Amino acid sequence: MKLIRAIIKPFKLEEVKSALADTGIDGMTITEVKGFGRQKGHTEIYRGSEYTVDFLPKVKIEVIVTDEKVGPVIDAVVAAARTGKIGDGKIFVLPLDEVIRIRTDERGETAL
Amino acid sequence: MKLIRAIIKPFKLEEVKSALADTGIDGMTITEVKGFGRQKGHTEIYRGSEYTVDFLPKVKIEVIVTDEKVGPVIDAVVAAARTGKIGDGKIFVLPLDEVIRIRTDERGETAL
Amino acid sequence: MKLIRAIIKPFKLEEVKSALADTGIDGMTITEVKGFGRQKGHTEIYRGSEYTVDFLPKVKIEVIVTDEKVGPVIDAVVAAARTGKIGDGKIFVLPLDEVIRIRTDERGETAL
Amino acid sequence: MNPMRLKPLRVLLFPVAVLIGCATAHAQPATEPAPLPAPNLEQRVADLEAYINNSARTADVASHVAAAGPGHNGWMMTSSALVLFMTLPGLALFYGGLVRKKNVLSVLAQCLGITGLVTILWWAVGFSLTFAPGNAFIGGLDHVFFRGVDSAPATLPWVSQNVFAIFQLTFAIITPALIVGAIAERMKFSAVLLFVGLWMFAVYFPLAHMVWGGGLMAGAAGAIKAIDFAGGTVVHMSSGWSALVLCLILGPRLGFGKTPMPPHSLVLCMIGTGMLWVGWYGFNAGSAGAADGIAASAFTTTTLAAAVASFTWGLLEYLTKRHASVLGFCSGVVAGLVVITPAAGFVTPGAAVVMGILAGLVPFIFCVKLKSVFGYDDALDTFGIHAVGGTLGALLTGIYASEAVNPAVAGVKAGLLLEQLKAIGFTIVLSVVATAIIAGALKATIGLRPTIESEQEGLDLSDHGEEGYIFEAKA
Amino acid sequence: MNPMRLKPLRVLLFPVAVLIGCATAHAQPATEPAPLPAPNLEQRVADLEAYINNSARTADVASHVAAAGPGHNGWMMTSSALVLFMTLPGLALFYGGLVRKKNVLSVLAQCLGITGLVTILWWAVGFSLTFAPGNAFIGGLDHVFFRGVDSAPATLPWVSQNVFAIFQLTFAIITPALIVGAIAERMKFSAVLLFVGLWMFAVYFPLAHMVWGGGLMAGAAGAIKAIDFAGGTVVHMSSGWSALVLCLILGPRLGFGKTPMPPHSLVLCMIGTGMLWVGWYGFNAGSAGAADGIAASAFTTTTLAAAVASFTWGLLEYLTKRHASVLGFCSGVVAGLVVITPAAGFVTPGAAVVMGILAGLVPFIFCVKLKSVFGYDDALDTFGIHAVGGTLGALLTGIYASEAVNPAVAGVKAGLLLEQLKAIGFTIVLSVVATAIIAGALKATIGLRPTIESEQEGLDLSDHGEEGYIFEAKA
Amino acid sequence: MNPMRLKPLRVLLFPVAVLIGCATAHAQPATEPAPLPAPNLEQRVADLEAYINNSARTADVASHVAAAGPGHNGWMMTSSALVLFMTLPGLALFYGGLVRKKNVLSVLAQCLGITGLVTILWWAVGFSLTFAPGNAFIGGLDHVFFRGVDSAPATLPWVSQNVFAIFQLTFAIITPALIVGAIAERMKFSAVLLFVGLWMFAVYFPLAHMVWGGGLMAGAAGAIKAIDFAGGTVVHMSSGWSALVLCLILGPRLGFGKTPMPPHSLVLCMIGTGMLWVGWYGFNAGSAGAADGIAASAFTTTTLAAAVASFTWGLLEYLTKRHASVLGFCSGVVAGLVVITPAAGFVTPGAAVVMGILAGLVPFIFCVKLKSVFGYDDALDTFGIHAVGGTLGALLTGIYASEAVNPAVAGVKAGLLLEQLKAIGFTIVLSVVATAIIAGALKATIGLRPTIESEQEGLDLSDHGEEGYIFEAKA
Ligand SMILES: Nc1ncnc2c1ncn2[C@@H]1O[C@H](COP(=O)(O)OP(=O)(O)O)[C@@H](O)[C@H]1O
Ligand SMILES: Nc1ncnc2c1ncn2[C@@H]1O[C@H](COP(=O)(O)OP(=O)(O)O)[C@@H](O)[C@H]1O
Ligand SMILES: Nc1ncnc2c1ncn2[C@@H]1O[C@H](COP(=O)(O)OP(=O)(O)O)[C@@H](O)[C@H]1O
């Protein structure tokens, strides 16, 4: 099993969610984050004092998948989240030792 | 060392915190997240336009533990967070290479 | 590649960001989190009912780096985030299997 | 959307038809009274002077100034608007800020729903039951559907009777809305509205009739010669004591005493407090029924009591826990306003300052020190502030009412304290008994509480299908 | 900061210089009229009575009380303040709460910008074009730059003309601000201001002149003998129908129909609703132009219609989707206020209750059931509430206006419904045609919409360079 | 809770006892003046006319209308409520929205604490020191504890003296509250209250006495023949210049100039702005002391100046940085209101428009362009708006005051500009010197600032033990 995390543009969330559903993923966890990267931020001015915002709102999607789904899931997210403009985000794949479903104490792939 | 992450129902946070304390854990980091899974969301209607909310509020607990504590911590979280209803959440265990305490630059288990 | 996550005091964010930039890091993702540890919280009283807040606001910085940068990045964060007072936070290093840039579908180190 | 869903709309067509008839009937001019002789010049001048002095016109002549007087009428319209402002959005924010985020809309919806419901009841029968001639306990039916309530002055010499009726409506709205504070975060919306509907008939209309409508406790004219300037008994004691009983019958919030339930927005709470204070000028000074010297006195004492109580509460916090809090200052403001309410137009500025100090002290002890001893869940301290403060105010009115301030005190000053105690006792008994019966009956039938899941999810979603704040940047 | 940036400031110096001249010119006292004989005692008393009765002073004598009368003047100042309060911050919050977080400031900025712009236009020419003598369609230029508008009463017998001018200004401000609701979240700020500037000349000034300034539709005096107490046609229909056309020309928001766009803060929306209600007392009761019995009637019907409509809307929601929502109650309040506006000072309380029920019913069906059928993006339901409600109100005024309530109805009651229909038709045609031309022209020239990126990022950042809320604890 | 904690409560019992005595003493009716002859009919009519015209009653007869007049009294009560609304919650929100989230409650608490403290001081001695007969610099002690302040008119012919006293109290409250803007986010709560307590005696009471209490700068009657309609010197200059000195002595916020400190909620700021504008009608038009033509003028000029300044500020932003911001429009509103304040009842509408343009221009340059050059940390621009605007307004009053608008100008118009300059200079010197001494003394004794940790954590938690918003969904 792997933990796949995708940092995407917030307005792409619904599309990515559907794309994931199409690959058979039926669980995920999302977090509001701020991203810093090549995409430029903006400047806010309040009565003359400037305030540069270079952290942009992003959504982080985390999904645990079985090893054979890693490829399809990555492809699905890339396809759905891409706008082709700077700041589309990244996908990270992390190794995972174990998953447990709290409700049933099931472990491993059946816990997904 | 392992990184244990638990996605739980928000109102279980206090109980899980105490349960962790009982296993000798004295540090953790929590994040407000939204979860998508088998647990159903709800529909909000604003002047006739429906708005289906399938992301439900969850709390993510992250705790770094020494290898021998992985078992007890998982058991403690499962016991404390369980309601038996769909949506109780998951626990993920990730491998970890290193931990550093910023204040002292201590590394490894002493940094916990 | 490694995923480095640092939990720091919020008011240190700007300094850590510059320190990272100095090590050649040009991307990162941050999340507002709450930390629980040795640092004491505070008590709020609302008309006689006490409310102990032991989760303190922290900022989590996540940055993917190539293996050779792990050392310098850790040192930079430690130097910039340290106040010497309890609660300065931790750095965790996690192994990482893969990184993908959504915009271009580049994989591996070029995706950073 | 399924067209079958539209069916329930038809049930409304019948009442609409009935009401159209009733509305048309109302449109007929009232029958003219027998003609009176014209006033002479001196009488005309006397009538104009009566306007300035808020006194009666010359009797038995056809006054040239029979209509409402602009200064008084304008002030009473302003006052009515201010008292409505107390509920919408004042009280809604004061209470709404104090609950958890997941229940903020439920408080707002309760205030809005009560406003609509009570207005309909008031127009249909409530005003009549309160102010039409009746017996010592309840008024008659002369003014149902606002019959005969038009722009000519009636109850007050220089104020349009319809303005008076709306001014009183705003009191009838805020009183049950105050109860909401005690039962916040855990009572079904339908149960709240049903409770309020029944409670108005059992408690509010009778009590308001007894005190202001010429009934049992109407000062010199009543069997109990108590005085209540702007609603210490009728508004604050009735709601406060009923709130206690209702919250006991309802039981505490899930997790009460274990989970912390801090206010989700003291900013909202403070906005509401400011609005309550400003609106209360309409409540207290408007209760003079004119823009006269009595109103001026009430205006003055209201300001002093609110500010002094606020500072006292903050100071007490500072002395006992080293922090003066916004919630403390706000609680003090409201406590001061409650305590001065029955006394506002009867006492001197000096007395108002003393009452302000006591208003900061006694409810403070109650909300902060004693409440946890008893352990009931009066979520937002309706009892601790309105019942305790209202009772304290009624008592202190008995002590400080001064005929130098208000000639109306002259006739009742002797033995007033005892009469106030009688009024207090009567009000408490009526509120407690009626609330226990209504709440008990509702609990046994439709039930008072939502399911555990609903309460955990929050009433905003479960009862109203909405969220208070949606701050994610998804689209 | 580059000093070159200061250059644009210079462009302001010229108008300042011009205005200083113009302001100084104003400072000259008006030429005195020929002296009139002194009144006798009886005439002096009659003048004082005229004050109470809001009637004219004795003709052809030099009244001792030629100035404004305090009760009426005070009430009209209070009313003007209340109507301003409706826009700032009332309407701004009502609308601001309903948009997504990223656009909340854009709504606030639009309300603020419109307030500034319309005030300048009104002072310069708008008041004159509306109220100075002119033809049936537009007023003259006698009062440009508020010439001759001072504290002496003119249009209203006992109210300072400058207070009257400001009272009317507050109407001129809120009318275009209402349009903002339909085009929220997707129109460039510069385009909004330009549109409003042109629209005032094409729609508002003419329409207000026709209805209130003695023009085409001025009741008994006009060619169309329609009546409109406080602005059903002038304010609500004009803005509502224009809003529909504008939002059609503008097109829907990005993602409309696909992405959910729930209100970011129903708490703000409810605060705004309370303020609108309270402020509306100035709007409706203030439209009597005096603190008299007509004002009292308007005050009463306004309260009843708002509360009844709110409860009706909530009840309909409960019957059709098992949830009475805060947005529903608030929508009902506004719908009730809109519907009663043209009728406020003309109808009985009973009629107000019926109108309240219909105000809860008809716009409810429109906003909740029919709108999705048509599929246009009237973001915050300006059409569904203001156009539909305003049209409904104008019709019902034709049915329920009663001379027992207001003697002014006597002269027009016969055939009133037909005249109301004519006024409705005329208003719709004028609003639709003028808006289509202006919006079309602007679309073809400066463009109406921001870039896709700007709209996605939110107008707060792209058009105003600010964020509504910054809650992170970074420093 | 440890019962020992209750001990400090006892310290309150002594003052309560003292006050009860004092309150009772107040309850005695004032001694009756010698009886005057009854007025004849003509005199009675003249008195009624005097009411309309806000002039004095016939001398040496026992007027039948000796009490306050309803129209004026009602308007002054309304105005007082409006001015209180400016502080609670208006100014609190305007400022509270501009600070960072962790300090929002500290601003609210400061406004609330100042309200309580100043009310107590005002009742005890402040009103007397301001308005009781005294010397050129300070009033006497005739009215300590509101002695002799009852509902009969005194200072103003047709307004209850207690209403006048409360109206003036609301000015005394908002003035020190304005200072809070300069020292926001970094001054200990205890130090704020102590500073304000001393400052009232050193600056406010003397200055208000000199300008409005018949002292040094009381127009035609004073040694400096300056005029100040509603508080340009007394309120805005005094607070603004004091704010500058205090913020210099206090030092900048931690991280000032390095860390960005953007406003945490421009929504709150805009709500506050709307409330300030609406409340300012009480401030300016209420300063006429009657609902007369002067009030009408002040009402008109206030509206024009606020709207024009707001639009000007927004336009300047648009020209210099391509974005008109909500903060810009709001800043312009407040600047316009400040500048027109001393002139409100003295100038024509045209002059108000010019003053509005200058009010948008000069403080804009100050806050946006010059402030960063100087580098002091006037957190929320109290100096840039209130001191600069107040000074500008006082000057422009000297230029534009017109006897055609207000006969009171006639006696002082000659050489007025010079007198205004004298008053400006005097006010600046008094404010600067007194503030420097008080702030220096406090700094040397109790200290002005919280610990670094407290400042970093935020004053809400460290000074008040609360948080402004708790949005997590934990229970
Ligand atoms: N090295 C990194 N570590 C962690 N997150 C990163 C890193 N680089 C980029 N990100 C995340 O990816 C987002 C997009 O990156 P950016 O450089 O702006 O554009 P792109 O994805 O098109 O290369 C950033 O906002 C940030 O959240
Ligand atoms: N594959 C997954 N990857 C990441 N998070 C998941 C995954 N599946 C479920 N979750 C998280 O666990 C929560 C609970 O899952 P759900 O299917 O609703 O119930 P249960 O835990 O009882 O199986 C979800 O809300 C989501 O946050
Ligand atoms: N075992 C742990 N697992 C995860 N996060 C931890 C752990 N221990 C500490 N933290 C995080 O580090 C932060 C700082 O820890 P704390 O014990 O307060 O001080 P210090 O870093 O100086 O040892 C905590 O607030 C928490 O967010």
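Residue numbers (the numbering used here), protein chains in the order written: chain A, 50 to 161; chain B, 50 to 161; chain C, 50 to 161; chain D, 44 to 518; chain E, 44 to 518; chain F, 44 to 518.
We put the beta carbon where it would ideally sit given N, CA and C, even for glycine.
Quick caveat, the model's predicted, so the values are computed rather than measured.
Span of the beta strand (DSSP E), counted from its first residue to its last, around residue i
i      : result
B/G84  : 77–85
F/A261 : Neither: F/A261 is in no beta strand (DSSP E) and is coded neither H nor E.
F/T173 : Segment 170–174 is the alpha helix (DSSP H) holding F/T173; no beta strand (DSSP E) there.
F/V150 : Premise fails: F/V150 lies in the alpha helix (DSSP H), 147–164, not in any beta strand (DSSP E).
Distance cut-off 8 Å: residue i Cβ against heavy atoms of ligand 3
i      : result
C/E111 : no
B/V114 : yes
Residues sharing a beta bridge with residue i, DSSP
i      : result
D/S308 : F/Y512
B/Y100 : B/E93
The alpha helix (DSSP H) enclosing residue i, as first and last residue numbers
i      : result
F/H507 : 502–507
D/H429 : Here D/H429 belongs to no alpha helix (DSSP H), and DSSP marks it neither H nor E.
F/H115 : 113–128
A/E147 : Run containing A/E147: none in the alpha helix (DSSP H); it sits in the beta strand (DSSP E), 147–150.
E/R87  : 84–96
C/E63  : 62–71
D/K414 : 414–417
Where residue i falls: helix, strand or coil (DSSP)
i      : result
D/A367 : coil
D/T302 : coil
A/A55  : strand
F/H279 : helix
B/F141 : strand
E/S497 : helix
F/P295 : coil
Distance cut-off 8 Å: residue i Cβ against heavy atoms of ligand 2
i      : result
A/D154 : no
B/L196 : Look at the range of chain B in this structure, 50 to 161, and you will see that residue 196 of chain B is not part of it.
Near ligand 1: residue i beta-carbon under 8 Å from a heavy atom
i      : result
A/I53  : no
C/L161 : yes
Tell me which residues of the region 279–304 of chain D have at least one Cβ-Cβ distance to chain C shorter than 8 Å, keeping chain order. P303, M304
Residues of the region 137–155 of chain B whose Cβ lies closer than 8 Å to any Cβ of chain A, in chain order: D137, G138, K139, I140, F141, V142, L143, P144
Which residues, in chain order, does the region 52–71 of chain A contribute to contact with chain E at a C-beta distance below 9 Å? For the region 52–71 of chain A, the residues whose beta carbon sits under 9 Å from a beta carbon of chain E are, in order, K58, F60, E63.
The region 487–514 of chain F: positions lying closer than 7 Å to chain C by Cβ: With the criterion set as a beta carbon lying under 7 Å from some beta carbon of chain C, the members of the region 487–514 of chain F are Q499, L504, G508, E509, E510, in sequence order.
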